[in-house]
Amino acid sequence: MGGDEDHHQRFTRLVLPHLGDAYALARWITANRADAEDIVQDASLRAFRAIANVAEGTSRAWFLTIVRNTAYTWLRNNRPSALMVVDDLEKLESEQVATTNLDRGTPETALIAKTEAASLEAAIAELLPAYRETLVLRDVQGLGYREISQVTGVPIGTVMSRLARGRAQVIKTIGGKST
Amino acid sequence: MMRVTSDEDAALRVHAYVDGELDPANALGVEASMAADPALAAERERIEVFRRLVREHLPPEEPPLGLRARVEAAVGMRRPRMQPSWRALAASIAVTAVVASGATSMLVTPSGSNAAREGIVDAHIRSLMASQPTDVASSDRHNVKPWFNGRIPQSPRVVDLGGDFPLVGGRIDVVGAIPVSTLVYRHGKHLISLTAMPAAGHANSAPALSEDAGYNIVRWTEGEVTYWAVSDASAQELDKFAESFRATPPDR
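Here is the structure:
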């Protein structure tokens, strides 16, 4: 069928190149490799069904949006306890508006630079989910603020403050561990 | 816009500056404030060291082995013929291991083309792409079995396996222009399609395993019906499913 073939070609061009990023994002969200693979397979199927609607230049952020939503749906259905912290986040953020100012006692950059990969990963994994996904999308996957805002469905200002807080916490954790 | 309203605001701007998110005018403003405030300059340095650390330790990843094949199979794509498939290779090793262990009497069929098998795998893939994998969704065989009455000439054997393989429902597939019954079972997160094809005059045969488009298939013939179980579950689990189906009497 010609129509199907076009969809498959489109899928190959627009979605398949981003499988690595999709898998990494799903793994950071679920902290489980097998779950991440199942989520990517499920998300790919959803992306395939909607492949006619995606604009050329936006396919990566679009696919990662699907992956992220699939991952949270999966968590809600399979591990609701992991999500309870997310529900509290907005309250937490509104309470903490002014707490993440410049922490003038942050660790020395020389200590941070010596951090091992495992400590770095552990420090990122410890973050609240909303901070973690923002940091991963920016620092690991290289998305711009606008794309992150699209993927996570929050305003750019929220992306900026989550990113700054996530980074500050990770830096604090690894700076503390290096001493 | 340019006014720095608080420490937090100033810090966010430094992050945005390092991330290359500011236009030249705003970048200039941040550069001026970093020159004036050592705390902001230190923040910039920390962010840059952190970014270097992430780049060094968490580089972009390749998807795990086999994930691409799984995805391609899920959307009904065929793999390029000349490209060796690690997944297929891994699956064949797994099959060999099972056969060699002598745990079952499974036979490995040649993976040559077979119209019925292709039709059944296509039906399984289509069902995964549909909003529902079943036409009748019920875990109760007393609902599923009567549903087939009047829709197809045969009355399929419907068994409730419970436990590891709960019944999800049933549907009608059309394979080679023949409407046939397909039962859908679940195993963990995997769906198993079990299609019953009329096989009048065929001798009974033991379960035989093969693979098509990334899916595992177990086929056997029993009482003039050939059963085809298709799933992305592992070969061993699909074999366990077949054993369980064959061992369970229909009126349990």
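Read top to bottom, the protein sequences are chains A and B. So for the first sequence, the numbering used here puts the first residue at 435; every next one is plus one. So for the second sequence, the numbering used here puts the first residue at 401; every next one is plus one. Built from N, CA and C at the ideal position, the CB exists for glycine as well. In this text the structure is predicted, and so the values were computed from the model without any measurement.
Helix, strand or coil at residue i [DSSP, three-state]
{"i": "B:Asp409", "result": "helix"}
{"i": "B:Pro695", "result": "What the structure shows of chain B is the stretch from 401 to 652, and residue 695 of chain B is not part of that stretch, so it cannot be assessed."}
{"i": "B:Ser605", "result": "strand"}
{"i": "B:Asp522", "result": "helix"}
{"i": "A:Arg494", "result": "helix"}
{"i": "B:Gly569", "result": "strand"}
{"i": "A:Thr592", "result": "helix"}
{"i": "B:Ala416", "result": "helix"}
{"i": "B:Asp423", "result": "coil"}
{"i": "A:Leu562", "result": "coil"}
{"i": "B:Glu461", "result": "coil"}
{"i": "B:Met529", "result": "helix"}
{"i": "A:Asn466", "result": "coil"}
{"i": "B:Glu624", "result": "coil"}
{"i": "B:Ser561", "result": "The sequence as given places Leu at residue 561 of chain B; Ser does not occur at that position. B:Leu561: coil per DSSP, three-state reduction."}
{"i": "B:Ala596", "result": "strand"}
{"i": "B:Ser612", "result": "A small correction: the amino acid at residue 612 of chain B is Asp; Ser does not occupy that position in the sequence shown. Three-state result, B:Asp612: strand."}
{"i": "B:Ser505", "result": "Note that B:Ser505 scores a pLDDT of 36, beneath 50, so its modelled location is shaky; the value from the coordinates is reported in the next line. Three-state result, B:Ser505: coil."}
{"i": "B:Ser631", "result": "strand"}
Rounded separation between residue i and residue j - CA only
{"i": "A:Ile608", "j": "A:Ala465", "result": "19 Å"}
{"i": "B:Ala425", "j": "A:Gly578", "result": "19 Å"}
{"i": "A:Phe445", "j": "A:Ile590", "result": "29 Å"}
{"i": "A:Thr568", "j": "A:Arg596", "result": "7 Å"}
{"i": "B:Gly466", "j": "B:Glu472", "result": "10 Å"}
{"i": "B:Val544", "j": "B:Ala537", "result": "8 Å"}
{"i": "A:Ile463", "j": "A:Arg483", "result": "24 Å"}
{"i": "B:Ser644", "j": "B:Arg586", "result": "13 Å"}
{"i": "A:Ser583", "j": "A:Ala564", "result": "12 Å"}
Contact under 7 Å by Cβ, residue i with residue j
{"i": "A:Thr499", "j": "A:Val585", "result": "yes"}
{"i": "B:Gly476", "j": "B:Ile520", "result": "no"}
{"i": "A:Phe497", "j": "A:Ala486", "result": "no"}
{"i": "A:Leu561", "j": "A:Gly600", "result": "yes"}
{"i": "A:Leu554", "j": "A:Val501", "result": "no"}
{"i": "B:Val618", "j": "B:Ala629", "result": "yes"}
{"i": "B:Asp612", "j": "B:Arg517", "result": "yes"}
{"i": "A:Arg494", "j": "A:His441", "result": "no"}
{"i": "B:Thr367", "j": "B:Arg571", "result": "An answer regarding residue 367 of chain B cannot be provided, because it is not within the stretch 401 to 652 covered by chain B."}
{"i": "B:Ala530", "j": "B:His590", "result": "no"}
{"i": "B:Glu456", "j": "A:Gly454", "result": "no"}
{"i": "B:Asn616", "j": "B:Ala635", "result": "yes"}
{"i": "B:Glu445", "j": "A:Thr543", "result": "yes"}
Supposed contact pair residue j and residue i - C-beta distance, whole angstroms, cut 8 Å
{"i": "B:Asp573", "j": "B:Val580", "result": "6 Å"}
{"i": "B:Ala599", "j": "B:Thr626", "result": "4 Å"}
{"i": "B:Leu440", "j": "B:Val418", "result": "About 11 Å; that fails the 8 Å criterion."}
{"i": "A:Ile605", "j": "B:Phe450", "result": "6 Å"}
{"i": "B:Ser610", "j": "B:Ser527", "result": "So it is not a contact: roughly 19 Å between Cβ atoms."}
{"i": "A:Glu471", "j": "B:Pro464", "result": "7 Å"}
{"i": "B:Phe548", "j": "B:Pro556", "result": "6 Å"}
{"i": "A:Ala602", "j": "B:Leu412", "result": "In fact, because the Cβ distance is near 11 Å, the residues do not count as touching under 8 Å."}
{"i": "B:Leu453", "j": "A:Ala547", "result": "7 Å"}
{"i": "B:Leu567", "j": "B:Arg541", "result": "6 Å"}
{"i": "A:Ala489", "j": "A:Ala456", "result": "The Cβ separation is near 18 Å, so there is no contact."}
Inset, instruction - Name, going along the chain, the residues of the region 414-448 of chain B whose beta-carbon falls closer than 8 Å to a beta-carbon of chain A. - result: Answer in chain order: His415, Ala416, Asp419, Glu421, Ala439, Leu440, Ala442, Glu443, Glu445, Arg446 and Ile447.
Inset, instruction - Please name the residues in the region 459-473 of chain B whose beta-carbon is closer than 7 Å to at least one beta-carbon of chain A, in chain order. - result: Residues passing the 7 Å Cβ filter: Pro460, Glu461, Glu462, Pro463, Pro464, Leu467, Arg468, Arg470 and Val471.
Legend entry - Contact residues within the region 513-541 of chain B, judged by C-beta distance below 9 Å to chain A: Cβ contacts with chain A come from Leu528 and Met529.
Inset, instruction - Could you list the residues in the region 583-603 of chain A with a C-beta less than 7 Å from some C-beta on chain B, going in chain order? - result: Taken in chain order, the members of the region 583-603 of chain A whose beta-carbon sits within less than 7 Å of a beta-carbon on chain B are Met594, Ser595, Leu597, Ala598 and Arg601.
Legend entry - Interface residues of the region 479-507 of chain A facing chain B [CB-CB below 8 Å]: Hits within the stretch, in order: Leu479, Phe482 and Arg483.
Inset, instruction - Identify each residue in the region 574-606 of chain B for which the Cβ-Cβ distance to at least one residue of chain A is less than 7 Å, and report them in chain order. - result: Listed by position along the chain: Lys589.
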